[in-house]
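Our numbering puts the sequence shown at residues 25 to 265.
Heads up, the beta-carbon is just placed ideally off N, CA and C, and yes, glycines get one too.
On a predicted model such as this, the values are computed, not experimentally measured, just so you know.
Here the structure comes first, spelled out in structure tokens, and everything after it is commentary.
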Amino acid sequence: TPVIPGVIDMNTATYALQKGLGDVIEYEAASGERFDVKLVGLLQTSLLQGSIVISEKNFIREFPDAGGYRYFLLDAPSGEQARPVAEQLTRMLGDRGLQMIPAFQRLNEFNAVQNTYLSIFSTLGGLGLLLGTIGLAVVVGRNVLERRGQLGLMQAVGFTRKTLARMVLDEHWFLHVLGVVLGIVAAVVAVLPKIISRASDMPLGLLIGINGAILIGGLLFCAVAARGVLRGSLVEALRSE
Numbered sequence: 025t026p027v028i029p030g031v032i033d034m035n036t037a038t039y040a041l042q043k044g045l046g047d048v049i050e051y052e053a054a055s056g057e058r059f060d061v062k063l064v065g066l067l068q069t070s071l072l073q074g075s076i077v078i079s080e081k082n083f084i085r086e087f088p089d090a091g092g093y094r095y096f097l098l099d100a101p102s103g104e105q106a107r108p109v110a111e112q113l114t115r116m117l118g119d120r121g122l123q124m125i126p127a128f129q130r131l132n133e134f135n136a137v138q139n140t141y142l143s144i145f146s147t148l149g150g151l152g153l154l155l156g157t158i159g160l161a162v163v164v165g166r167n168v169l170e171r172r173g174q175l176g177l178m179q180a181v182g183f184t185r186k187t188l189a190r191m192v193l194d195e196h197w198f199l200h201v202l203g204v205v206l207g208i209v210a211a212v213v214a215v216l217p218k219i220i221s222r223a224s225d226m227p228l229g230l231l232i233g234i235n236g237a238i239l240i241g242g243l244l245f246c247a248v249a250a251r252g253v254l255r256g257s258l259v260e261a262l263r264s265e
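Following this line, the structure appears as structure tokens:
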């Protein structure tokens, strides 16, 4: 079976075909025989999404009945200077089905679905962060509430309310910071190949901002929950036990 080198858009290979660099895709030629295309290159943010690019010689050999070219890439002046070129070509070849589309518009069409999914997952992720942070506050408040008798005993033997509050906050802040750090380390290990790849397009600034918001928000919620529970009379809680 002949093997033909090919180049493909990275998103198409990764998400549509579940393939990577060096993988082989099997095709059927016009004659009915099978041939393989080996992915030797990946393109990032390409106009060729959904297509595999091979040499013209190999394409004609496997598909000799092809009627000609269907796509053209034109290198025209940028900005307003490109409009006269598009209008002239459309006027001359419009009856043959020529349709001129700017490169940025084509890329926006390709990225529309991807951006929609990213927006959906970002919204769901933000909602999950909000619920998780509120849940952290509830857990901290319940934990401190269950220990009010113990804290009342410590206050009775000489601990001040300020000292108790600092002790409770230090305990929960340490656990919260440790959890965030372990989560970041696990995430970095999972996406390390993407980070070190030359084609990495991860929004590192956004990710750092989200993790910073989680860290600061969790610390604030811990403080609010702990101080709210410690506001009452701890000695009364000790008497009730």
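task: List the whole-angstrom C-beta distance separating Ala110 from Val248, where the pair is believed to meet the contact cut-off of C-beta under 8 Å.
output: The residue labelled residue 110 in the question sits at position 86 within the sequence shown. The residue labelled residue 248 in the question sits at position 224 within the sequence shown. Going by Cβ atoms, the distance from Ala110 to Val248 rounds to 59 Å, so no, they are not a contact pair.
message: At the level of alpha carbons, what is the spacing between Ala223 and Ala237?
response: If you number the sequence shown from 1, residue 223 lands on position 199. If you number the sequence shown from 1, residue 237 lands on position 213. Bear in mind that a pLDDT of 47 at Ala223, under 50, signals an unreliable position, so the number given afterwards is only what the model happens to contain. Approximately 27 Å, taken between the alpha carbons.
- prompt: From Val48 to Gln68, what does the alpha carbon distance come to, in whole angstroms?
  reply: If you number the sequence shown from 1, residue 48 lands on position 24. If you number the sequence shown from 1, residue 68 lands on position 44. Spanning the two alpha carbons is a distance of roughly 19 Å.
task: With DSSP as the reference, please indicate the residues paired to Asp33 in a beta bridge.
output: Position 9 of the sequence shown, counting from 1, holds the residue named residue 33. Leu67, per the DSSP bridge assignment.
query: Going along the chain, which residues of its own chain have a beta-carbon closer than 7 Å to the beta-carbon of Glu50, five neighbours each way excluded?
result: For the purposes of this step, residue 50 is taken as residue 26 along the sequence shown, with counting starting at 1. Taken in chain order, the residues that qualify are Arg58, Asp60.
field: Best match in Gln138, Tyr95, Gln129, Ala136 for proximity to Leu122 [C-alpha to C-alpha]
entry: The residue labelled residue 122 in the question sits at position 98 within the sequence shown. Cα-wise, what sits closest to Leu122 is Tyr95.
- prompt: Just how far apart, CA to CA, sit Asn139 and Lys186?
  reply: The residue labelled residue 139 in the question sits at position 115 within the sequence shown. The residue labelled residue 186 in the question sits at position 162 within the sequence shown. Going from the Cα of Asn139 to the Cα of Lys186 covers about 49 Å.
message: Looking at Val64: is its Cβ nearer than 8 Å to the Cβ of Pro29?
response: What you label residue 64 is simply residue 40 of the sequence shown in a count that begins at 1. What you label residue 29 is simply residue 5 of the sequence shown in a count that begins at 1. The answer is yes: Cβ separation under 8 Å.
message: Are the CB atoms of Thr36 and Gly74 within a distance shorter than 8 Å?
response: As a position in the sequence shown, residue 74 is number 50, starting the count at 1. As a position in the sequence shown, residue 36 is number 12, starting the count at 1. Yes; because the gap between Cβ atoms is below 8 Å, this pair is in contact.
field: Collapsed DSSP secondary structure at Arg171 in the structure displayed
entry: Within the sequence shown, the letter at position 147 stands for residue 171. The answer is coil: DSSP assigns Arg171 none of H, G, I, E or B.
message: Do Asp99 and Ser70 have their beta-carbon atoms positioned less than 8 Å apart in this structure?
response: By 1-based counting over the sequence shown, the position of residue 70 is 46. By 1-based counting over the sequence shown, the position of residue 99 is 75. Cβ distance not < 8 Å, so Ser70 and Asp99 don't count as in contact.
query: What three-state label does DSSP hand Arg58 in the structure shown?
result: On the sequence shown, residue 58 is found 34 positions in, with the first residue counted as 1. The answer is strand: DSSP assigns Arg58 an E or B state.
task: To the nearest angstrom, report how far apart Arg270 and Ala106 are at their CA atoms.
output: In the structure as shown, the chain starts at 25 and stops at 265, and residue 270 therefore has no counterpart that could be examined.
query: With burial defined as no fewer than 16 other Cβ atoms inside 10 Å of the residue's Cβ, what is the status of Arg166: buried or exposed?
result: Residue mapping note: residue 166 aligns to position 142 of the sequence shown, counting from 1. Under this definition Arg166 is an exposed residue.
query: What residue does the alpha helix (DSSP H) around Ile84 start on, and which one ends it?
result: Numbered from its first residue, the sequence shown carries residue 84 at position 60. Element bounds for Ile84: 80–86.
Nearest residue (CA-CA) to Arg251, options Gly173, Arg190, Gly156: Numbered from 1 along the sequence shown, position 227 holds the residue referred to as residue 251. Of Gly173, Arg190, Gly156, the residue nearest in Cα terms is Arg190.
- prompt: Which same chain residues, not among the five before or five after Arg130, have their C-beta less than 8 Å away from its C-beta?
  reply: The count along the sequence shown starts at 1 and reaches residue 130 at position 106. So the qualifying residues of the chain are Leu71.
task: Measuring alpha carbon to alpha carbon, tell me which of Arg171, Asn135, Val77, Asn82 ends up nearest Ala54.
output: Counted from its first residue, the sequence shown places residue 54 at position 30. The option with the nearest alpha carbon to Ala54 is Asn82.
message: I'd like to check one pair, Phe245 with Thr157: are the Cβ atoms closer than 8 Å?
response: Taking the first residue of the sequence shown as position 1, residue 157 is located at position 133. Taking the first residue of the sequence shown as position 1, residue 245 is located at position 221. Their beta carbons are under 8 Å apart, which means Thr157 touches Phe245 by this criterion.
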